[in-house]
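Residue numbers (this note's numbering): 3 to 149.
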């Protein structure tokens, strides 16, 4: 999957047209990642995201990106859509590997964001928190390259 753009925002997305019920592990791999420096107020990279069918349509994402200030990170994001607006809760750490695997896992009502470097069989837990045990909505699994 390749995403390119001179300015503004462009993306390519692979979506799965199925819903997920109950506990799950969703894994996506990437290799030979080459990220060009974005405009100073943007970022570019790849992400794995899931959207839930709860009342706030929560979205969780694990992201490998290059920030506008030139820092390469792996990031976890939770997006909560409420009547009063949208909340973004994120955590990031430096990461410059060009290949690896993302995993989003849920057990009960706990979501776990994970990352594995290159072909390493071990996943590092980046973050875990309570979330809805609602279904992942139909078409709610996305693997996206964006710039």
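C-beta: ideal position from N, C-alpha, C; glycine also.
Keep in mind the model is a prediction, meaning the values are calculated, not measured.
Segment limits, beta strand (DSSP E) that includes residue i
i           : result
residue 19  : Residue 19 -> no beta strand (DSSP E), and no H or E assigned at all.
residue 89  : 87-96
residue 45  : 45-54
residue 128 : 126-132
Where residue i sits in the DSSP three-state scheme
i           : result
residue 35  : coil
residue 120 : coil
residue 144 : strand
residue 26  : strand
residue 68  : strand
residue 2   : No answer is possible for residue 2: it lies beyond the span of the chain, which begins at 3 and ends at 149.
residue 73  : coil
residue 83  : strand
residue 57  : coil
Integer-rounded CB distance, given that residue j should sit under 8 Å from residue i
i           : j           : result
residue 102 : residue 119 : 5 Å
Buried or exposed (CB count within 10 angstroms, at least 16 for buried), residue i
i          : result
residue 49 : buried
residue 77 : buried
residue 84 : exposed
Inset, instruction - Inspect the CB distances between the region 14-29 and the region 103-117 and report whether three or more fall short of 8 Å. - result: yes
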